[in-house]
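Below you'll find the structure, written out as C-alpha cells, and then a few comments.
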Amino acid sequence: MTRRFDAAGLAAPLLAVAAWELLIRARVLTFTYLPAPSAIVAAGRDLLLHGGLLGALLHTAAVTLLAWALASAAALALGTALGLSATAARFSMASVEVLRTLPAVALVPVALLVAGPTTGAETMVAAYAAAWPLVIGVAAGLRAAPRRLLDVARQFELSRTRVVLSLLLPAAAPLVLAAARLSLGISLIVVVLTEMVGTPQGLGAGIAENQTALRPDAMWVYVLLVAALGAGLNAVLLPAARRAVPSLRAGRAA
Amino acid sequence: MPGHAHPEPAAPAAPPDAAPPRLRTEDVSVSFTAKGRPRPVLDGISLTVGQGEIVGVVGRSGTGKTTLLNLLGGILRPDTGRILLDGRPFDRPTDRVITVFQDYGQALLPWRTVRRNVALGVERRLGRAEVAERVARALAMTRLEANADDLPWQLSGGMQQRVQIARALVMEPEVLLLDEPFGALDAMTRAALQDDLLKLQRATGFTVVFITHDVDEAVYVADRVLVLGGAPATVVREVVSGLPRDRDRLDTREAAAFVAARRALADELWGERP
Numbered sequence: 548m549t550r551r552f553d554a555a556g557l558a559a560p561l562l563a564v565a566a567w568e569l570l571i572r573a574r575v576l577t578f579t580y581l582p583a584p585s586a587i588v589a590a591g592r593d594l595l596l597h598g599g600l601l602g603a604l605l606h607t608a609a610v611t612l613l614a615w616a617l618a619s620a621a622a623l624a625l626g627t628a629l630g631l632s633a634t635a636a637r638f639s640m641a642s643v644e645v646l647r648t649l650p651a652v653a654l655v656p657v658a659l660l661v662a663g664p665t666t667g668a669e670t671m672v673a674a675y676a677a678a679w680p681l682v683i684g685v686a687a688g689l690r691a692a693p694r695r696l697l698d699v700a701r702q703f704e705l706s707r708t709r710v711v712l713s714l715l716l717p718a719a720a721p722l723v724l725a726a727a728r729l730s731l732g733i734s735l736i737v738v739v740l741t742e743m744v745g746t747p748q749g750l751g752a753g754i755a756e757n758q759t760a761l762r763p764d765a766m767w768v769y770v771l772l773v774a775a776l777g778a779g780l781n782a783v784l785l786p787a788a789r790r791a792v793p794s795l796r797a798g799r800a801a
Numbered sequence: 479m480p481g482h483a484h485p486e487p488a489a490p491a492a493p494p495d496a497a498p499p500r501l502r503t504e505d506v507s508v509s510f511t512a513k514g515r516p517r518p519v520l521d522g523i524s525l526t527v528g529q530g531e532i533v534g535v536v537g538r539s540g541t542g543k544t545t546l547l548n549l550l551g552g553i554l555r556p557d558t559g560r561i562l563l564d565g566r567p568f569d570r571p572t573d574r575v576i577t578v579f580q581d582y583g584q585a586l587l588p589w590r591t592v593r594r595n596v597a598l599g600v601e602r603r604l605g606r607a608e609v610a611e612r613v614a615r616a617l618a619m620t621r622l623e624a625n626a627d628d629l630p631w632q633l634s635g636g637m638q639q640r641v642q643i644a645r646a647l648v649m650e651p652e653v654l655l656l657d658e659p660f661g662a663l664d665a666m667t668r669a670a671l672q673d674d675l676l677k678l679q680r681a682t683g684f685t686v687v688f689i690t691h692d693v694d695e696a697v698y699v700a701d702r703v704l705v706l707g708g709a710p711a712t713v714v715r716e717v718v719s720g721l722p723r724d725r726d727r728l729d730t731r732e733a734a735a736f737v738a739a740r741r742a743l744a745d746e747l748w749g750e751r752p
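These protein sequences, in sequence, are chains D and U. In this text, residue positions in the first sequence follow the working numbering: the first is 548, and each later residue adds one. In this text, residue positions in the second sequence follow the working numbering: the first is 479, and each later residue adds one.
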C-alpha cells in the first residue's frame, strides 16, 4: 500500500472511465444493458436519496466486520494452539487442510437452509470462510518466530503467558497481519455472495435485485460500492493495526 | 576446596585460586539424541571460575562450547554431575547468571525500543521508578543513553550487542556468560567492545565466562583460557596469560606473556593437524 497520493495511478482509471463514456455516447458500444458512467452516477444519486443505499452499505459493512471479528477471535485461539503445540498440530492439521480448502461458497445454501435468509446466516458463512487464512497465518507466524526468543524467555524467567503475548505473538504479527488482510477480503466476498443468493439485505441483494429488475445502472452502483467498501475497509483498518501493534512498525522487509 | 573426589581431566594444572570460587562444575556430562542414538557432547567436565575472574573458552566448532555455556547459565541441565553457584547447586536460570547470546538480531525484540528491551527482565518484578533507574544505569554503562528511544534495527551491530549487554547488566548479575559475543562484528567494533567489557568488569567486578573463536581475543580479554576438545569434549588445556588487568590494546599485543599464551593456544587448536 502506498501512503502518498498516487496521481499517476489515478489517471489510468479516470481515462478508462472517460473512454467508456465517450464510446457509449458515440454509439460504438451498443450493449443494451451497459450504461454510461454518467447514467450510473445519476442512478446512484437517485438511490442515495430514495432507495436506502446507505442502509445497504452499512448492513454489508457491519456484517463483514462482525464476521471478520468473530473469525479473528476464533482463529487467534486455534492458530495459537496449532503454532505452539506440536501435539495439537499433529492431531488437527489434516482436518484444517481439508476444511480450509473446501470452498466456503458451497456452504452458503447450507447456511441459508439452516438459519434462514438472515443476517445470522451471512455472518456464519463469512466468519467460517474468513477464519482459515488467519488460522494458518497465526500458526505459521508463531512457528517462524526466532527460537532464540525461547532462550531469552528462559533466561529472564518469563511466564508462559508472557512468552506468548510479549514475545511470540508480536514476532508473528507481520504474518498475522498479512493473513488478516486476506481474511477481511474473504469476509466481504462471502457476505456479498450470501446477500445475492439468499438474504434480501445489503449491497449483494441490491446487485441481484437490480439484475432481475433489468436496472443495470442501479446494479453498477451497488457493484462499485462493494469495491469501494473493500478498499475502504483495507485503508482504514490496516493503518489502525499498524498503530496499535508496535511490532508491525519494526519496518524490516522480512 | 571440595571436589578432589573427582578425577581431574588430564592436562590442566589447578587454576590460580586467589579468588574464592563463584561458579563450579563437578564432573558434568551431557549427551544429545541424534537419529535415535545418544551422542555424548561433554564428558566429565570439572572447572572452577573464581569471583571476578574472566575466563575464555575456545575450541573448534561443534565441540560443545555453547552447550557448556548453557549449562553454566542453567538454560540446560546436565545428565550427570552438578553445577554450583557460590557453593549451592542450581539447574535453572537465575538473575545472578545472565547469558548474552551471539545473535543479537534474534535475541533482541525488534518492536521494542532500546529502553524497553533493556527493561525486559525487570519490568514485571520491580516498581516503575526502580525499573527506570536501573535501566538508566545500564544504558549509561553501555553508552546507550542517546539511543534509548531507538529501535534495535536502527542501530549498528556493535550497538545492538551493547543493548544485549545492557539487558544483562540491568539484572545486576554476578556472572555474565557471553557466547561469541563479538563474532559477528567488524574488527574495529570488536576491539572497542572488548575494551568496553574489560572496563565494565573493572567497574562492577562481575565474573565473566565467554566463548570465542578468536585466539587473540581470548588472550586479550581473559585471565585464563580453557581449550575444549575431543568428542565428547573435555577441557584439554588451560592457558593463563598472566597479563595485568589494566591492559593497553597496543602494548599488550607485543608483551611476551601475550605472545606465549597465544602460541600455546594455537598449538593446542591447530598443532596436531598434519
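The beta-carbon is built from N, C-alpha and C at its ideal position, and this holds for glycine as well.
A distance of 9 Å or more separates the beta carbons of Val610 of chain D and Ala559 of chain D. Leu795 of chain D belongs to the set of residues whose beta carbon lies under 9 Å from a beta carbon in chain U. At a beta-carbon threshold of 7 Å, none of the residues of chain U lie near Val711 of chain D; the nearest stands roughly 14 Å away.
Across the segment 711-743 of chain D, CB contacts with chain U closer than 9 Å involve Ser713, Leu714, Pro717, Ala718 and Ala720, in sequence order along the chain.
Burial state of Arg645 of chain U is buried, judged by a 10 Å Cβ sphere holding 16 or more other Cβ atoms.
Within the segment 562-577 of chain U, the residues whose Cβ lies closer than 7 Å to some Cβ of chain D are Pro571, Ile576 and Thr577, listed in chain order. In this structure the segment 518-531 of chain U lies against the segment 542-554 of chain U, because at least three pairs of beta carbons, one per stretch, are closer than 8 Å. Within the segment 643-709 of chain U, the runs of beta strand (DSSP E) at least 3 residues long that lie entirely inside it are, in chain order, 653-657, 685-689 and 702-707. Counting only residues of its own chain and dropping the five nearest sequence neighbours on each side, Ala635 of chain D has a CB closer than 6 Å to the CB of Ala628 and Leu629. The segment 612-691 of chain D contains, as complete alpha helix (DSSP H) runs of 4+ residues, the segments 633-648, 655-662 and 666-691 (chain order). Secondary structure at Asp505 of chain U: strand, using DSSP grouped into helix, strand and coil.
Leaving aside the five residues that flank Pro556 of chain U on each side, the residues in its chain whose CB is nearer than 7 Å to its CB run, in chain order, Val506, Ser507, Val508 and Leu549. Beta-bridge pairing by DSSP links Phe510 of chain U to U:Arg517.
Within the DSSP bridge table, the entry for Ile523 of chain U names U:Val506 as partners. The count of Cβ pairs closer than 8 Å, one atom from the segment 732-739 of chain D and one from the segment 692-705 of chain D, stays below three, leaving the stretches out of contact. Here Pro793 of chain D carries a helix assignment [DSSP, helix/strand/coil].
For Leu586 of chain U, the secondary structure class from DSSP, reduced to helix, strand or coil, is coil.
If you draw a 10 Å sphere on the C-beta of Leu675 of chain U, you find 16 or more other C-beta atoms in it, and that means buried. A residue is called buried once 16 or more other Cβ atoms fall within 10 Å of its Cβ, and Tyr580 of chain D, having fewer, is exposed. Residue burial is scored here from C-beta neighbours: Thr526 of chain U has at least 16 other C-beta atoms within 10 angstroms and is therefore classed as buried. For the segment 545-557 of chain U, the beta-carbon criterion of a distance under 9 Å to any beta-carbon of chain D is satisfied by Asn548, Gly551, Gly552 and Ile553. Flagged as an interface residue toward chain U: Val699 of chain D, by a C-beta distance shorter than 9 Å. Against chain D, the beta carbon of Ala585 of chain U has neighbours under 7 Å at Arg695 and Val699, listed in chain order. Among the bridge pairs identified by DSSP, Glu716 of chain U is matched with U:Leu704. Cα atoms of Pro659 of chain U and Ser524 of chain U: separation of roughly 24 Å, rounded to the nearest angstrom.
Here DSSP, grouped into helix, strand and coil, assigns Pro560 of chain D to helix. Under the 9 Å criterion on CB atoms, Glu644 of chain D is classed as non-interfacial with respect to chain U. Restricting attention to alpha helix (DSSP H) runs no shorter than 4 residues, the segment 578-611 of chain D encloses them at 584-597, ordered along the chain. C-alpha of Arg789 of chain D to C-alpha of Leu633 of chain U: approximately 22 Å in a straight line. Rounded to whole angstroms, Thr620 of chain U and Arg640 of chain U show a C-alpha spacing of 6 Å. A straight line joining the alpha-carbon of Leu601 of chain D with that of Ala720 of chain D spans about 34 Å. The count of Cβ pairs closer than 8 Å, one atom from the segment 636-643 of chain D and one from the segment 656-667 of chain D, stays below three, leaving the stretches out of contact. In this structure, Arg594 of chain U keeps its C-beta atom at 9 Å or more from the C-beta atom of Val648 of chain U. Leaving aside the five residues that flank Asp573 of chain U on each side, the residues in its chain whose CB is nearer than 6 Å to its CB run, in chain order, Met649.
For Gly599 of chain U, the C-beta contacts it makes with chain D under 7 Å involve Phe703, in order along the chain. Boundaries of the alpha helix (DSSP H) around Thr730 of chain U: Arg727 to Glu732.
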